[in-house]
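One structure is given below, encoded as structure tokens.
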Amino acid sequence: MKPMLSCREVTRLVSEGLDRRLGFGERVALRMHFAICRSCTNFNRQMRLLRDATRRLADAQALGKP
Amino acid sequence: MSPPDDFRRQIDQQRAYLLRFARLQLRDRDAAEDAVQETLLAALGAEASYAGRSELRTWLTGILKHKIVDAIRRAGREPQVSLDDADEGAALEELFDHSGHWGAPVAAWRDPDASLEQAQFFEVLEACLAGLPAKTARAFMMREHLGLETEEICKELGITPTNCWVMLYRARMALRLCLEARWFGAQETPRR
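Chains as they are written, first to last, in my numbering: chain U, 1 to 66; chain A, 67 to 258.
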């Protein structure tokens, strides 16, 4: 069993989770950490927003239709 | 008979948009111009296959993405300078204390959905993207803007998957700080 993740490790895993499928153990470890850490929970939401925002920028919806 | 001039004019109207799109991903102004030029030429030659199937801008952007990937591939063969690597890593380390905990608590971004409705927010995001080191930005754009999988990005940039994840991680951390400083942090004072 892995020891508790540090916040620094959590940020790495959250980012990797946007680029590859995390393993079961990794997902469990993240959930356990989020349950007790408000900062990392907020960070996770911010990363999701960043992805949404960048995709929208790519879709050009934010730039207005011609 | 469809007047070819009309199609050419419609395509030309998209030029400024395409150039912005290309510049975001290819730091090099000339390379961006070239990619857009190639796209417009390809589009003119392919009017028949367009036939109004989708929105013109979407169709052109689709062609442009291929041209951008070609340009990145060409640039990838040239040796890359990576002066920015050390600086970036150091700035990241400062966010955490020696035990890996946040140095300062991370506050929730207020009302993010409202931000996504504001054109101004996207201007800030674009400025933040433009501020990333070139190599980092390229990896991030390939992932999030062009929607490529990590394996493809690794191949194009000639790096290992682990390196690729680290680069994307750095990009996201830097963008987060930038958005916080230039948008969400400024929300402390009511902005409407």
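The beta-carbon is built from N, C-alpha and C at its ideal position, and this holds for glycine as well.
From CYS244/A to ASP94/A, what distance separates their C-alpha atoms? In the second sequence, residue 244/A corresponds to position 178, counting from 1. In the second sequence, residue 94/A corresponds to position 28, counting from 1. Each residue's alpha carbon lies about 22 angstroms from the other.
If you check the beta carbons only, do LEU92/A and ALA101/A fall under 8 angstroms apart? Taking the first residue of the second sequence as 1, we reach residue 92/A at position 26. Taking the first residue of the second sequence as 1, we reach residue 101/A at position 35. In contact: LEU92/A and ALA101/A (Cβ atoms closer than 8 angstroms).
Return no unless some Cβ of chain A is closer than 8 angstroms to the Cβ of ARG21/U. Sequence index remark: in the first sequence, residue 21/U carries index 21 (1-based). So, not an interface residue.
Just to make sure I have the definition right: I need the residues of chain A whose C-beta is within less than 7 angstroms of the C-beta of LEU50/U. Which are they? By 1-based counting over the first sequence, the position of residue 50/U is 50. In chain order: ARG238, LEU241 and ARG242.
State yes or no: is the C-beta of PHE162/A within less than 8 angstroms of the C-beta of ARG38/U? The sequence position of residue 162/A within the second sequence is 96, counting from 1. The sequence position of residue 38/U within the first sequence is 38, counting from 1. No.
State the beta-bridge partners of TRP168/A as determined by DSSP. Within the second sequence, residue 168/A is the residue found at index 102, counting from 1. Bridge partners of TRP168/A: PHE162/A.
Within 8 angstroms, strictly: CB atoms of ALA196/A and ALA237/A: What you label residue 196/A is simply residue 130 of the second sequence in a count that begins at 1. What you label residue 237/A is simply residue 171 of the second sequence in a count that begins at 1. No; because the gap between Cβ atoms is not below 8 angstroms, this pair is not in contact.
First through last residue of the alpha helix (DSSP H) which encompasses SER6/U: Along the first sequence, one-based indexing puts residue 6/U at 6. Here SER6/U belongs to no alpha helix (DSSP H), and DSSP marks it neither H nor E.
LEU182/A versus chain U: which residues are under 7 angstroms apart at the beta carbon? Indexing the second sequence from 1 puts residue 182/A at position 116. Correct list: ASP52, ALA53 and ARG56.
DSSP state of THR41/U, grouped into three classes? In the first sequence, residue 41/U corresponds to position 41, counting from 1. DSSP places THR41/U in helix when its eight states are reduced to three.
What do you reckon, is the C-beta of GLN184/A under 7 angstroms from a heavy atom of the ligand ATP? For the ligand ATP, the structure offers nothing, since it holds no ligand at all.
Excluding sequence positions up to five away, which residues of its chain have a Cβ less than 6 angstroms from the Cβ of GLU144/A? On the second sequence, residue 144/A is found 78 positions in, with the first residue counted as 1. Annotation note: pLDDT 46 at GLU144/A (below 50); position unreliable, coordinate value reported separately. No residues qualify anywhere along the chain.
Could you give the distance in angstroms between the alpha-carbon of MET51/U and the alpha-carbon of GLU210/A? As a position in the first sequence, residue 51/U is number 51, starting the count at 1. As a position in the second sequence, residue 210/A is number 144, starting the count at 1. Here the sequence assigns Arg to residue 51/U, which means Met is not the residue at that position. One C-alpha to the other measures close to 7 angstroms.
If you measure from the beta carbon of THR216/A to each beta carbon in chain U, is any gap under 8 angstroms? If you number the second sequence from 1, residue 216/A lands on position 150. Yes, THR216/A counts as interfacial toward chain U.
Between the region 125-141 of chain A and the region 103-114 of chain A, do at least 3 Cβ pairs fall closer than 8 angstroms? yes
When the Cα atoms are used, what is the spatial distance from VAL10/U to ALA98/A? By 1-based counting over the first sequence, the position of residue 10/U is 10. By 1-based counting over the second sequence, the position of residue 98/A is 32. Approximately 37 angstroms, taken between the alpha carbons.
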